[in-house]
Amino acid sequence: MTRLSRKGERFLRNLLNDRSGNTLAIAAASLLPMMALIGGGVDISRTYMGRTELQAACDSGVLAGRRALSKSGSYGAAEKAKATAMFNFNFNATGLDVENVSFTTTDNEDGEVRGVATATLPTLIMRIFEKDTVELSVNCMAELQIGNADIMFVLDSTGSMGGSKIQGLRDAVEDFHKTINQAVNDNRTRIRYGFVPYSVTVNAKNLVSSGAMPTAYFKELSGYQTRVANFHNQVWVEDTQNQSTQYETYSEEISENDCYNYGNNRYPNWGSNPIKDGTAPNPVTSYEYDFENWQYTRRVGRGWWKTKVGWCTRKINVAYTTYDTAWEFSGWDYRWDDIDTSNFRDLKSVPYVRNLDYNARVDVNGSYDPVELAKKVDAGETENIDSWDISSSTWDGCLEERQTVAEWDFDPIPDGALDLSISLIPDDDKSETQWVPRWRDQVWTSNNPSAPCPAEMMLLREVTLTDGADDVPGWLHTYLNGLVATGNTYHDIGMIWGGRLTSPNGIFAENVNKDAEKISVSKHIIFMTDGQMQPSTSVYSAYGVENYYHRIAPPGDSWSVTSRHNARFSAVCEEIKSEGTTIWVVAFGTSMTDELRGCASNGRAYYSSNSEALRNTFKYIAAQVADLRLGE
């Protein structure tokens, strides 16, 4: 036992001290730690790649969901399906060999779409250490985050927009604001809205009364197709002054009957009464006789022929008459004439003569427009005032466009088409650069033509943004309720003024460029119409009454008026886009014409079949203006 033990001890000691052949054993002993280290790295790398792809797919899914929410206005099954489809398109589950993939999305009151994506990733190496899978989970969120923006709404407010349509438009603009309101997450963001309601013309009353558009931009002597009153019938106007009253007593006693005749200058000889000395128009002195009294004194004669006699007195009124030349009304002439608009453009009440009787008179022979005539009445230079029908007018703010040319081709815009220049500032010395205050009461064709006037335009105005998802500024709500539906469709006049109110180089540059040196601002025009171009040749529009003014087409070419207005519309759209403004076009229940589609910037043209679709379209545009972004 002792020997064996010693031998064994020696063997073991020798074995312990013998280093030959140990490499295999050591390698075998270190294999498992090395597998854990390398396998963990492989599976961790696969986990990282899987989570990265899962996050990217989640982000794309919520962006698609938020975009769908912007377009439809709600986040239901259809919108969630679009989010899921985008997630599936971007996540390659087969390539990653993942299992149990899940993607769910929800929205909230802040307008956010949030998502959660999960998946199970099988391990390759770590399963030998009983780690068979890795659970992947990511969160994602998409929201609207808007920068500084100026949005000008150019809105069709023609007669066809009446009833539910105009209310749908009001709701759509308020929905637009609510979407913008949800998008802002920085209280330094500046959002401004402006408005150009249009029909046959536009209304500048608010711009003028506020001083933003000086009255000097309007002519003080404006030409109109009007009527003038002719005073060519010469008449004499008497001016009689009583000079004295005299009394005469007959030289002897006479009968009472003879006394009455004497009083009327018919005794003892038959004479005239009154007696006039002189002939008109030279001065005339007249003597008018009248019985004054008879005083009985006695009877004379014999028998049955005795008669009473007495003293007779008569009165003589002496008058002196002078004659002035006057001219009596002889009829109206319907023609082009210049009328003083200096007070009218200042929004003052201006008297004018609405009608005349044929015995109305003036002091000087001539032809006078209705405003001139009212001034003559005020100056006392007329006669027979009861023959004058006098009224007054105050400008409603609707205007006639400045100089243009009756052309087909507006590429490029002709030099004479000053109405299509959105940045030209009027020159006091060049009346062609000025506008004309539209004056319906002074425009006469075969009758007094129809002259619809839309609601007033509004310059860009900053809106207060709040935390309330449904908050709408009171002034915005009030303004939208003031929109009225009236008149025909003139797209060009609406877009012209949309361009003027957004031009950084025009008459409203101070408003447009506010804080431009401090902040960057995107500019947008949202143009909405429910109809195609529909000008009228008999309505009093921004271009006068076409049948008489011929500002769009030459005489005898009224059939081409619509095409010419469309050409002008397209030209001004290009002019606006060249200044860096994005145009969004919405066709509301009407076909999307080539002109409307071409006006929009880069395909930003949309069709809405009804009021609900219009509201969703406006929300969708607001989302595009705001820009979809990933949130945290």
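Whatever position you read off the sequence shown (first residue = 1), add 1006 for our numbering. Yeah, the Cβ is synthetic: ideal placement off N, Cα and C, and Gly gets one too.
What does the Cβ neighbour count give for Y1253, buried or exposed, with the cut at 16 atoms within 10 Å? The sequence position of residue 1253 within the sequence shown is 247, counting from 1. Result: exposed.
Could you please give the first and the last residue of the uninterrupted beta strand (DSSP E) stretch that includes N1239? On the sequence shown, position 233 is the one that residue 1239 refers to. Element bounds for N1239: 1227-1255.
Could you check what DSSP says for M1147 in three-state terms: helix, strand or coil? Taking the sequence shown and counting its residues from 1, the one referred to as residue 1147 is at position 141. In the structure shown, M1147 sits in a strand (DSSP, three-state: E or B).
In whole angstroms, give me the CA-to-CA distance for G1422 and R1408. Counting from 1 along the sequence shown, the entry for residue 1422 is found at position 416. Counting from 1 along the sequence shown, the entry for residue 1408 is found at position 402. Taking the straight line joining both Cα atoms gives about 10 angstroms.
Does S1228 pass the burial test, meaning 16 or more other C-beta atoms within 10 Å, or should it be called exposed? Counted from its first residue, the sequence shown places residue 1228 at position 222. Buried is the call here.
Could you pull out every residue in the same chain whose Cβ sits closer than 8 angstroms to the Cβ of F1575, ignoring the five residues on either side in sequence? In the sequence shown, the residue the question calls residue 1575 occupies position 569. Around F1575: H1497, D1498, M1501, M1539, E1601, C1605.
When you compare each of T1232, L1489, T1291, P1561 to V1377 by their alpha carbons, which one comes out closest? Taking the sequence shown and counting its residues from 1, the one referred to as residue 1377 is at position 371. Ranking T1232, L1489, T1291, P1561 by Cα distance to V1377 puts T1232 first.
Excluding five sequence neighbours on each side, which residues of the same chain lie with their C-beta closer than 6 angstroms to the C-beta of I1627? Stepping through the sequence shown from its first residue, residue 1627 is reached at position 621. Within its own chain, the residues whose Cβ lies closer than 6 angstroms to the Cβ of I1627, once the five positions on either side in sequence are excluded, are W1590, listed in chain order.
Can you tell me the Cα-Cα spacing of V1290 and S1261, whole angstroms? For the purposes of this step, residue 1290 is taken as residue 284 along the sequence shown, with counting starting at 1. For the purposes of this step, residue 1261 is taken as residue 255 along the sequence shown, with counting starting at 1. Cα to Cα, the separation comes out at about 34 angstroms.
Name the one or two DSSP bridge partners that V1591 has. Locating residue 1591 in the sequence shown gives position 585, where the first residue counts as 1. For V1591, which the question treats as bridged, DSSP gives the partners F1533, A1611.
Under a three-way DSSP split, which group does Q1301 fall into? Residue mapping note: residue 1301 aligns to position 295 of the sequence shown, counting from 1. Looking at Q1301 - three-state DSSP - the assignment turns out to be strand.
Under DSSP, the alpha helix (DSSP H) around A1457 begins and ends at which residues? Within the sequence shown, the letter at position 451 stands for residue 1457. From DSSP, A1457 is part of no alpha helix (DSSP H); its letter is neither H nor E.
Per DSSP, what are the beta-bridge partners of E1334 in this structure? Working through the sequence shown from its first residue, we reach residue 1334 at position 328. As DSSP reads the structure, E1334 sits in a beta bridge with N1239, R1367.
If you drop the 5 nearest sequence neighbours on each side, which residues of the same chain put their C-beta closer than 7 angstroms to that of V1179? As a working note, residue 1179 is residue 173 in the sequence shown. Cβ neighbours of V1179 beyond the five flanking positions: F1159, L1486, F1624.
When the Cβ atoms of the region 1386-1397 are set against those of the region 1356-1368, are three or more pairs found closer than 8 angstroms? yes
Are there 16 or more other CB atoms within 10 angstroms of the CB of Y1054, so buried, or fewer, so exposed? Translated into positions along the sequence shown, residue 1054 becomes position 48. The residue is exposed, with fewer than 16 neighbouring Cβ atoms inside 10 Å.
Run the CB neighbour count on Q1440, radius 10 Å, all protein chains shown included, and call it buried at 16 or more, exposed below. As a first step, residue 1440 must be located in the sequence shown, where it is residue number 434. Answer is buried; the Cβ neighbour count reaches 16.
Does the Cβ-Cβ distance between P1287 and Y1329 come in under 8 angstroms? Taking the sequence shown and counting its residues from 1, the one referred to as residue 1287 is at position 281. Taking the sequence shown and counting its residues from 1, the one referred to as residue 1329 is at position 323. Yes. Within cutoff.
Beta carbon of L1426, beta carbon of E1581: below 8 angstroms? The residue you call residue 1426 lines up with position 420 of the sequence shown. The residue you call residue 1581 lines up with position 575 of the sequence shown. Yes.
With DSSP collapsed to three states, give me the class of L1175. Numbered from its first residue, the sequence shown carries residue 1175 at position 169. Assignment of L1175 by DSSP, reduced to helix, strand and coil, places it in the helix class.
Can we say the region 1473-1489 touches the region 1399-1406, given the rule of at least three CB pairs closer than 8 angstroms? no
Leaving out five residues before and five after Q1240 in sequence, what residues of the same chain have Cβ atoms less than 7 angstroms from its Cβ? Against the sequence shown, residue 1240 aligns to sequence position 234. Closer than 7 angstroms at the Cβ level, and outside the excluded window around Q1240, lie T1331, W1333.
Grab me the residues of T1588's own chain with a C-beta within less than 6 angstroms of its C-beta, minus the 5 sequence neighbours each way, in chain order. Position 582 of the sequence shown, counted from the first residue, corresponds to residue 1588. If we look at T1588 and ignore the five residues flanking it on each side, its Cβ neighbours are H1530, S1607.
Using DSSP with H/G/I as helix, E/B as strand and the rest coil, what is A1629? Within the sequence shown, numbered from 1, the residue matching residue 1629 stands at position 623. Looking at A1629 - three-state DSSP - the assignment turns out to be helix.
Taking the continuous beta strand (DSSP E) assigned at G1200, which residues delimit it? Start at 1 with the first residue of the sequence shown, and residue 1200 comes out as number 194. Note, G1200: beta strand (DSSP E), 1197-1204.
N-terminal and C-terminal residue of the alpha helix (DSSP H) that N1267 is part of: Indexing the sequence shown from 1 puts residue 1267 at position 261. DSSP places N1267 inside the alpha helix (DSSP H), whose first and last residues are 1262-1269.
Reduced DSSP category for I1558 - H, G, I as helix; E, B as strand; rest coil: The residue labelled residue 1558 in the question sits at position 552 within the sequence shown. I1558 falls in the coil class under three-state DSSP.
DSSP three-state call for R1446: helix, strand or coil? As a position in the sequence shown, residue 1446 is number 440, starting the count at 1. Three-state DSSP puts R1446 in a helix.
Would you give the residue range spanned by the beta strand (DSSP E) that A1155 belongs to? Within the sequence shown, residue 1155 is the residue found at index 149, counting from 1. Run containing A1155: 1155-1162, per the beta strand (DSSP E) assignment.
Where S1080 falls: helix, strand or coil (DSSP): As a first step, residue 1080 must be located in the sequence shown, where it is residue number 74. In the structure shown, S1080 sits in coil (DSSP, three-state: anything other than H, G, I, E or B).
What does a CB cutoff of less than 6 angstroms around A1573 pick up in its chain, not counting 5 residues either side in sequence? As a position in the sequence shown, residue 1573 is number 567, starting the count at 1. Setting aside the 5 residues that flank it on each side, A1573 is surrounded in the same chain by F1416, each with a C-beta closer than 6 angstroms to its C-beta; the list follows chain order.
Mind checking G1067: buried by the 16 CB within 10 Å criterion, or exposed? One-based indexing of the sequence shown puts residue 1067 at position 61. It is buried - the Cβ of G1067 has at least 16 other Cβ atoms within 10 Å.
Since I1396 is in the beta strand (DSSP E), which residue starts that stretch and which ends it? Translated into positions along the sequence shown, residue 1396 becomes position 390. Bounds of the beta strand (DSSP E) holding I1396 are 1394-1399.
I need the straight-line Cα distance from M1598 to Y1613, nearest angstrom please. Locating residue 1598 in the sequence shown gives position 592, where the first residue counts as 1. Locating residue 1613 in the sequence shown gives position 607, where the first residue counts as 1. So the two alpha carbons sit approximately 7 angstroms from each other.
Got a sec? Which residues, its chain only, sit under 6 angstroms from I1419 by beta carbon, not counting five neighbours each side? Here residue 1419 is taken as the residue at index 413 of the sequence shown, counted from 1. If we look at I1419 and ignore the five residues flanking it on each side, its Cβ neighbours are L1426, A1577.
Neighbourhood of L1070 by C-beta, 6 angstroms cutoff - its chain only, sequence neighbours within 5 removed: Taking the sequence shown and counting its residues from 1, the one referred to as residue 1070 is at position 64. The amino acid occupying residue 1070 in the given sequence is Ala; Leu does not appear at that position. Around A1070: K1088, A1089, M1092.
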